[in-house]
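Colleague: Here it is: the structure, laid out below.
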Amino acid sequence: LKHAPQAHSTPPRKKARTSGPPLPSPAKAGIQEHRKQLPIAKGKDALVQEIRENDVTVLLGETGSGKTTQVPQYLLEAGFADSGMIGVTQPRKVAATELAARVSVEQGTPLGGLVGYGIRFDERSGPTTRVKYMTDGMLTRELLGDPLLSKYAVIIVDEAHERTLRTDLLLANLKRILRERNGKGNGKPQVNGKGKEREKERNPLKVVIMSATLDAEKFSQFFSNAKIIYVKGRQHPVKIFHAAQGQTDYVDAALRTFFQIHVDQPPGDVLIFLPGQEDIESLEKAIQLFAHQLPTGHDEVLTVPMYAALSGAQLHRTFAPTPRKTRKCILATNIAETSITIPGVRYVIDTGKVKEKRYLAGSTGGGFDTLLTRDINKSNAMQRAGRAGREGPGFCYRLYTEDAFLGMAASTEPEILRCSLAQAMLQLLCIGQDIQELDLMDMPDVDAISSALRTLFLLGALDSHRELTDLGRAMAALPLEPTHARAVLASKDLACTAEVLDIVSVLSANGALFLDATDKRAEIAEARRKFVHRAGDHLTILNTVRAYRAAGGADGENANGHVNGHDGEEEKVGRSARKEWARAHFVNERTLREASSIRDQLRLSCTRAGIDWRASCGEQEDPVLLSLAHGLAQNMALITPDGSFKQIMGQSVVKIHPSSSMADKKVPAIIYDELVYTNQIYARGVSSIQKSFFSSLGAFNRREA
Ligand code: ADP
Ligand code: MG
-10 LKHAPQAHST PPRKKARTSG PPLPSPAKAG IQEHRKQLPI AKGKDALVQE IRENDVTVLL
50 GETGSGKTTQ VPQYLLEAGF ADSGMIGVTQ PRKVAATELA ARVSVEQGTP LGGLVGYGIR
110 FDERSGPTTR VKYMTDGMLT RELLGDPLLS KYAVIIVDEA HERTLRTDLL LANLKRILRE
170 RNGKGNGKPQ VNGKGKEREK ERNPLKVVIM SATLDAEKFS QFFSNAKIIY VKGRQHPVKI
230 FHAAQGQTDY VDAALRTFFQ IHVDQPPGDV LIFLPGQEDI ESLEKAIQLF AHQLPTGHDE
290 VLTVPMYAAL SGAQLHRTFA PTPRKTRKCI LATNIAETSI TIPGVRYVID TGKVKEKRYL
350 AGSTGGGFDT LLTRDINKSN AMQRAGRAGR EGPGFCYRLY TEDAFLGMAA STEPEILRCS
410 LAQAMLQLLC IGQDIQELDL MDMPDVDAIS SALRTLFLLG ALDSHRELTD LGRAMAALPL
470 EPTHARAVLA SKDLACTAEV LDIVSVLSAN GALFLDATDK RAEIAEARRK FVHRAGDHLT
530 ILNTVRAYRA AGGADGENAN GHVNGHDGEE EKVGRSARKE WARAHFVNER TLREASSIRD
590 QLRLSCTRAG IDWRASCGEQ EDPVLLSLAH GLAQNMALIT PDGSFKQIMG QSVVKIHPSS
650 SMADKKVPAI IYDELVYTNQ IYARGVSSIQ KSFFSSLGAF NRREA
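All residue numbers for the sequence shown refer to my numbering, where the first residue is -10 and numbers rise by one.
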C-alpha cells in the first residue's frame, strides 16, 4: 500500500517543459542517447525497485557511471517526487550547481524550475522544483526550521565516502528522521486522532547513500544493514608509473611530466591533480609560458583550471569538446576525483597532495582550523588513476614512489575527527541536539568538543551552564561562521552594520581579494596605497569595497546594486568602470562581485533578524574594529618584546603574515582572521586594535550571555 501503483506514472513535468526554452531536437536526442548509454542505465528498473522496497539503499558505483545525474531523474520519472522533493546533497557548492545545470538540460527545463539547486548565499529553486541539488551544509541548515525535513520525499546523500562533517551530521539526523517519519520496524501508524500526525506517517522518507569508493559496508551497517547495490562502471585498464625518487617540488615535477607527455605521447587530454588554487594558478602560468616556446609542429595547449572557488560557468569549460590539434590540460583539485567526471582524459598526473582542513588544538584550548597540504591516501590515489581510463586505456603518472603509495593510509579520516566543531554544535544546539548524544558514525574526541564549547562560550552563544543563549540563537540564524555572525550582531549595538557586512561578505567569499604577481610587487603596492588602511586588513577591505563601488558612479547603497528606473546604459558604463578600476588596482573583481551578492543575502538575513543593515558609523574606525573583535575574541594577541605576538587566549606565539598590510608593524595588540601554519605560525587578516577592547569585550560577553 505504501507504494501505490500510480507511483509508476510520469510526474507532471510536461508543463515545466513547454515553458522552458525548447532545445534543438538533435541536441536533445543526443542527450537522451547519452543517458541511455551510461553504465547505470542497464540497472535502472532493478534500482528503482530496490529503492521502492527499502527505506535506505546504499549505491556504490564507479565515478562517471551516472549516479549523480541519473538516479534523481529515475526517481522523478518513477513518481517518487509526487509526495515531496528529491534532495541530492554534495560536499561542494560548485558540484551542486554544475550538476543541477546538467540535469535541467537533460530534463529540458530551465534551471531553477523542475530542477534547481540551493547553496549558501545562492538559491535557484522555486515552487515547481522537484529535484534539488544542494550542499550537505544547506540541508543540515534546513533542519533548523524543519527537523523532519518534511519537504523531502527522498534524500540522496551523494559522495558519502568523503565523510564531511555535514554529511556525518546529516546521516545521524536521517537515522532519527527515518525512525520518526517511517516508524520503527514499519509498525502501524499510531492512531492518536490528529490528522496532521497521520499525514506525517503517510509521508515516509527514502534515503539513498551514494559513494564512489569501496567503503559501502560501513554505511550499510550504520543503517541496520541496508541493502548495497553495485553499479559496474566502464573502466579501462590504466597503466601506472611511479616516480623513481620522491619529489620535493611537485609543481615543477608536474610541469616536466606534462611536457614529456605533450611532446612524446599520442593525443589525449591530461588531468593534473594539485592540492589547491595557488598551485593551480602557478602551474597554469608556467605551462602557458613553456607552451608558447615550443617549436612549431606541436599541438596547441589549452589549460583549464578546476577548483571549488570557480563559478559554474567557468567550470563549464571543462566539458567543452577539445578543439582539433589541441591538447587540453585540466588542472584540478580533488574535485575532479569523484564529484565531476571530465570527458576525454587519457593521462593523469597525480602530485599525491591534497589540501585538508585540520584542527590544531592548542595546549590550553584556543586551537584553530587550518588548511594543510598533505599526502593523499590510497583511495584518493586509486580514484585519481581511474580518471584516465574512462573512455579507453589510459596512463597515470604518480609523482611519488611506489613505496610512498604502499605506505599511504587506506582512506580518509572523517572530517568530524579533525576539524572545529563550533559551528556544527551551535546549529545542533538550536535543534535541541547534543553532539555527544547523537548517533554518529564516528564520535569526535572530547577535547575537540570541549574546545568548541569554549569557543561558543567565549562568543556568548552559551552561558556558564552550557545552555544556548538568545545571542547564540541569533548567531545560528545568520548563514555565517559563528565568529562572523557574532561580529554582525555586535555591529547592531555599535551602529555599524553597513561596514561590518561589507567586510564579512568579502571574508565569506571564496576567492582572494587581492591579486598577487611577484614580478609587479612595486607597481601593485603603489596602486593600492590609496586604500590601504593604517589600522590593518579589515579596514583595507572596507576601503577597497567602497572604492570599487564608487568607481561605478552609483551610490551602491541600495539592496541590489542597481537603482530602479535608471536606464541600462548608465549601469553598463558603471560596470565597465568598476571592472577597469579593479584591473588597475590588482583587485580580484570576481571576489568583489561574489561578495556583493553575499552582502545582498546577508542584508535579507539581517532584516529578518531585526538588524538595520543601513546603520553606518561613517568614517569612524573603532565601532567596526570593536564589532569584529567580538567575533575574533579568541584571535587576539599582544606584542612581545621581540616584535612577535602572543595569543591572549592561548599559548601560541604568532607572526603577522607577510601578505598582511600590518606585516612588520609594531602595534600593541591585534586581532586576526586565521592562523596559517607553515614553518611557523602566521596570523592572516590582521588589524591593530586598542588594548582596552579586550576588557570591554569581557563586559559585553558577560552582559549578553
Ligand atoms: P557519477 O555520479 O556516477 O560519477 P555522473 O552522473 O556525475 O556520474 O556523470 C555521468 C556522465 O555525465 C559522465 O559521463 C559525465 O561526464 C557526464 N556529465 C556530467 N555533467 C556533465 C556536463 N555538465 N556536461 C556534459 N556531460 C556531463
Ligand atoms: Mg557523482
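Glycine residues also receive a C-beta, built at the ideal position from the N, C-alpha and C atoms.
1. Once DSSP output is grouped into helix, strand and coil, what is the label at K314?
2. Please report the residue range of the alpha helix (DSSP H) in which M127 lies.
3. Give a single yes or no on whether K568 has its beta carbon closer than 7 Å to a heavy atom of ligand 1.
4. S200 bridges to which residues according to DSSP?
5. Look at the alpha carbon of P294 and the alpha carbon of K221, and state the distance between them as a whole number of angstroms.
6. When the Cβ atoms of the stretch 330 to 340 are set against those of the stretch 370 to 380, are three or more pairs found closer than 8 Å?
7. Find the nearest neighbour of L415 within the set L158, E270 and R170, judged by alpha-carbon distance.
8. In whole angstroms, give me the CA-to-CA distance for Q679 and F520.
9. According to DSSP, is I678 part of a helix, a strand, or is it coil?
10. Inspect the beta-carbon positions of L244 and L272 and report whether they are closer than 8 Å.
11. Could you check the C-alpha separation between Q38 and L581 for me, to the nearest Å?
12. As a quick exercise: from H646, V643 and A626, pick the residue whose alpha carbon is nearest that of I660.
13. Counting C-beta neighbours from all protein chains within 10 Å, is the total for D436 16 or more, i.e. buried, or is it exposed?
14. Apart from the five residues on each side of it in sequence, which residues of its chain come closer than 6 Å, Cβ to Cβ, to A398?
15. Quick check: what's the CA-CA separation for A297 versus R510?
16. Is K17 near ligand 2, with its Cβ less than 7 Å from a heavy atom?
17. Looking only at its chain, what residues have a beta carbon closer than 7 Å to the beta carbon of Q412, apart from the 5 residues adjacent to it on each side?
18. Taking 7 Å as the cut-off, is the CB of E87 close to at least one heavy atom of ligand 1?
19. Specify the secondary structure class of T580 as computed by DSSP and reduced to three states.
20. Report the residue from K228, P226, D147 and V240 whose alpha carbon sits nearest the alpha carbon of V196.
21. Compute the Euclidean distance between the alpha carbons of I424 and I324, then round it to the nearest angstrom.
22. Looking at A393 and G541, is the spacing between their C-beta atoms short of 8 Å?
23. Got a sec? Which residues, its chain only, sit under 7 Å from D601 by beta carbon, not counting five neighbours each side?
24. Closer than 7 Å to a non-hydrogen atom of ligand 1 - does that hold for the CB of L27?
25. Taking the alpha carbon of Y336 as the reference point, which residue from A67, K17 and Y386 has its own alpha carbon closest?
26. Regarding T58 and ligand 1, is the C-beta to nearest heavy atom distance less than 7 Å?
27. Does DSSP put F110 in a helix, a strand or coil?
28. Between H23 and V92, what straight-line distance do the alpha-carbon atoms span, to the nearest angstrom?
29. Is C419 helix, strand or coil when you go by DSSP?
30. To test your reading of the DSSP string, which unbroken beta strand (DSSP E) runs of 3 or more residues are found completely within the stretch 74 to 110?
31. I need the DSSP call for Q412, collapsed to helix, strand or coil.
32. Where does R692 fall in DSSP's three states?
33. In the DSSP assignment, find the unbroken beta strand (DSSP E) run with H231 in it and report its ends.
34. Let me know if L593 comes out buried or exposed under the rule of 16 or more other beta-carbons within 10 Å of its beta-carbon.
35. Leaving out five residues on either side along the sequence, give the residues of the same chain with a beta carbon under 6 Å from the beta carbon of R223.
Modeller: The relevant details are as follows:
1. coil
2. D125 to G134
3. no
4. L49
5. 30 Å
6. yes
7. L158
8. 21 Å
9. strand
10. yes
11. 48 Å
12. A626
13. exposed
14. N366
15. 27 Å
16. no
17. E470 and P471
18. yes
19. helix
20. D147
21. 29 Å
22. no
23. T486
24. yes
25. Y386
26. yes
27. coil
28. 12 Å
29. helix
30. 74 to 79 and 104 to 108
31. helix
32. Only weak support is given to the placement of R692: the predicted model assigns it a pLDDT of 41, under 50, and the value that follows is read from those uncertain coordinates. In this structure, R692 counts as helix in the three-state DSSP scheme.
33. V227 to H231
34. exposed
35. P28
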